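For reference, the structure is listed below as C-alpha cells.
Numbering (this note's numbering), first residue to last: 17 to 512.
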C-alpha cells in the first residue's frame, strides 16, 4: 500500500496543470532571489565605498578639527611666553597653515629668553637650529662675542680668540680679537717665565704673528716634546700630575708601569721603558737582556734617552751615564762633557752640547753619526738610522739613511720641534702646524687639518701623534695601532 501511495504523489504522476503551476511558482522565486542578489551586489559595489568615504571624511574632519584646536593652543602658549612648548606644538603640526614659520618664531623667542637668563650656550644651540631665519645668525654672533668677552675676563684667551673669530665682524669682534692677541702674548710670556712650557706654547702657536711669539715657540718646543715617548709598537705620554699613559705592545712588560709617578721625562727602547723622576732617579721596566734596565743606581739625572737595547742618562753636571748593549760603542759616552740634551738611535747616541755643537757615538753605517760640523743646534732627534738637528733659526739639518726621504728637510723653516721614526721625520712649526717627511704608505703625513699642535711624536707604529693646545691628542695614519691615545685627557708636563 505504501509503495502505491508514493507512486501516486510523484511529480510525474501529477496532473499537467498542477505541475505547470508549480514550475511557475518556482521560477518566480528564483527570479526574486536573483534580483535580491543583484541588489546586494550593487549595494556592495556602491554603498560600501560611499560609506567608507563618509568615514574618511569624518576622520579628516576630526583631524582638521584637532589640528585647528592644537594650532590655537600653540598660539596661546606663544602669547603667554611658553615658547618651548609652543615651538614643540607648532613643529608637530607640520605644514598646517603657517605652523613651520610660527615654530621658528617660537624658537627664536625661546632663545631670547635663554639669552636674557644668561644661558648663552643653550641659547646658541637653540639658534643654530634656526640657521638663516630672521635675526638668528646675528644673534649667534652676538652670543659668541659675549662668551668671548667672558673668556677674556677668565684669561681663557684661546677660547676667546676662537669665539671672536667665529663671530666675524659683529660687535667689533675683529678689533676685540686683536686686543685679545696682545693679552694672550703677555700671558704666554708670564707662563714661559714660570716654567710652564706647554701652557705658554699653547698660546704662542695661536698668535705666531704677534711680536716675537715664534722666537718663544722655538725656545719652548724642545721642552714640550718631552711629553711623548715612542717604543717599538708603543706610545707613552706624561700626565700633568706626574703619572704616565701607555698603550701598545707589552710583550716584555715594558708597559707594566704600575706605581710610576712623580715623572718628568720618558724614554722607550725596543722592549723597555725608562722614566725620569723629579728627584733625579730613574725607573725602568721591560726587557733587560743587555742590562738596558740597569738604571736603579743613577742619580742627579735631568734627561733620559733610550733606543733598541741601550739607555742613556744626562746628569745635571753635563756628563752622561749609559747602560745596555754596547756592540757598536753606542754606550761609550763617559768622557762627554758640557752636554745639554741627549738622543738615542738604534745603535748610536747623539749628545747636544751647551755651545750648540754635537757629538755622536756608535754605528755609523748610514752616516747617522756625521754631525761633527753642525752648529747652532737647539734640539736633536735620532731615528734608528738617521739624525736630525734643529737650529736656533728654525731650520733643520739631517744625516743618515734617506731611503724614504726622511732626511729631505731643507725646505722647512720656523720649526720648533722634531721627532723621528725609522722611516719618517715629523716637524712642528711655530704656527702650530705639523708636517711629516719620508714614508707616506700609512698616510701618517696627512696632517693638513691639524692646527694648534704643541707637541709631536713620530711613532714606529707608522702613525703621527699630536698634542693640541686644547689638551686633546690626535693620531694620523691609515692603520692606527694605538687608537686609545685619543682618549688621553690629562697629557701634560709636571711642574719642575
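Cβ atoms here follow ideal geometry from the backbone N, Cα and C, with glycine treated the same way. Only a predicted model underlies this, so the values are computations on that prediction, with no experimental measurement involved.
Using a Cβ-Cβ cutoff of less than 8 Å, which residues in the same chain neighbour residue i once the five nearest sequence positions on both sides are dropped?
{"i": "residue 395", "result": "237, 238, 241, 357, 368, 405, 406, 433 and 434"}
{"i": "residue 184", "result": "157 and 190"}
{"i": "residue 293", "result": "278, 279, 280 and 299"}
{"i": "residue 79", "result": "No answer about residue 79 holds up, because its pLDDT of 49 lies below 50 and its placement is not dependable."}
{"i": "residue 146", "result": "120, 123, 124, 127 and 152"}
{"i": "residue 466", "result": "449, 450, 482, 484, 490 and 492"}
Check each candidate in the options and name the one with the smallest Cα separation from residue i.
{"i": "residue 352", "options": "373, 361 and 233", "result": "373"}
{"i": "residue 360", "options": "385, 315 and 479", "result": "385"}
{"i": "residue 144", "options": "82, 133 and 120", "result": "120"}
{"i": "residue 458", "options": "471, 491, 466 and 399", "result": "491"}
{"i": "residue 366", "options": "346, 381, 382 and 354", "result": "346"}
{"i": "residue 427", "options": "416, 452 and 437", "result": "452"}
{"i": "residue 401", "options": "393, 389, 415 and 411", "result": "415"}
{"i": "residue 268", "options": "309, 446 and 122", "result": "309"}
{"i": "residue 196", "options": "179, 211, 40 and 110", "result": "179"}
{"i": "residue 510", "options": "234, 344, 247 and 291", "result": "291"}
{"i": "residue 408", "options": "421, 232 and 160", "result": "232"}
{"i": "residue 320", "options": "424, 418, 182 and 244", "result": "244"}
{"i": "residue 505", "options": "498, 497 and 488", "result": "488"}
{"i": "residue 84", "options": "103, 102 and 109", "result": "109"}
{"i": "residue 475", "options": "468, 456, 447 and 436", "result": "436"}
Might you give, ordered along the chain, the residues of its own chain that have their beta carbon closer than 6 Å to the beta carbon of residue i, omitting 5 neighbours on each side?
{"i": "residue 289", "result": "270, 301 and 302"}
{"i": "residue 175", "result": "167"}
{"i": "residue 33", "result": "none"}
{"i": "residue 296", "result": "315, 316 and 317"}
{"i": "residue 528", "result": "In this structure the chain extends from 17 to 512, so residue 528 is not present and cannot be described."}
{"i": "residue 464", "result": "none"}
{"i": "residue 306", "result": "325, 340 and 341"}
{"i": "residue 100", "result": "126"}
Sorted by chain position, which residues of the same chain lie with C-beta nearer than 7 Å to residue i's C-beta, five sequence neighbours on each side aside?
{"i": "residue 130", "result": "138, 139 and 142"}
{"i": "residue 162", "result": "136"}
{"i": "residue 169", "result": "none"}
{"i": "residue 262", "result": "250, 252, 271 and 273"}
{"i": "residue 493", "result": "458, 459, 460, 478, 479 and 480"}
{"i": "residue 429", "result": "410 and 411"}
{"i": "residue 462", "result": "492"}
{"i": "residue 223", "result": "197, 200, 201 and 229"}
{"i": "residue 584", "result": "No answer is possible for residue 584: the residues shown for the chain start at 17 and end at 512."}
Applying the criterion that 16 or more other CB atoms from any shown protein chain within 10 Å of the CB defines a buried residue, is residue i buried or exposed?
{"i": "residue 495", "result": "exposed"}
{"i": "residue 441", "result": "buried"}
{"i": "residue 89", "result": "exposed"}
{"i": "residue 443", "result": "buried"}
{"i": "residue 255", "result": "buried"}
{"i": "residue 287", "result": "buried"}
{"i": "residue 480", "result": "buried"}
{"i": "residue 503", "result": "exposed"}
{"i": "residue 482", "result": "buried"}
{"i": "residue 105", "result": "buried"}
{"i": "residue 445", "result": "buried"}
{"i": "residue 329", "result": "buried"}
{"i": "residue 36", "result": "exposed"}
{"i": "residue 454", "result": "buried"}
{"i": "residue 438", "result": "buried"}
{"i": "residue 399", "result": "buried"}
{"i": "residue 498", "result": "buried"}
{"i": "residue 215", "result": "buried"}
What would DSSP say about residue i, mapped onto helix, strand or coil?
{"i": "residue 325", "result": "coil"}
{"i": "residue 98", "result": "coil"}
{"i": "residue 369", "result": "strand"}
{"i": "residue 289", "result": "strand"}
{"i": "residue 120", "result": "helix"}
{"i": "residue 36", "result": "helix"}
{"i": "residue 163", "result": "helix"}
{"i": "residue 155", "result": "helix"}
{"i": "residue 143", "result": "helix"}
{"i": "residue 206", "result": "helix"}
{"i": "residue 298", "result": "strand"}
{"i": "residue 445", "result": "strand"}
{"i": "residue 181", "result": "helix"}
{"i": "residue 451", "result": "strand"}
{"i": "residue 211", "result": "coil"}
{"i": "residue 199", "result": "helix"}
{"i": "residue 465", "result": "coil"}
{"i": "residue 416", "result": "strand"}
{"i": "residue 475", "result": "strand"}
{"i": "residue 77", "result": "With a pLDDT of only 43 at residue 77, under 50, the local geometry of the prediction cannot be trusted, and the value read off the model is given with reservation. Residue state, collapsed to three classes: helix."}
{"i": "residue 109", "result": "helix"}
Quick check on the DSSP output: what are the complete alpha helix (DSSP H) runs of length 4 or more inside the stretch 220–285, in order along the chain?
229–240
For a minimum of 4 consecutive residues, which ranges assigned as the alpha helix (DSSP H) are wholly contained in the stretch 323–409?
Within the stretch 323–409, no complete alpha helix (DSSP H) run reaches 4 residues.
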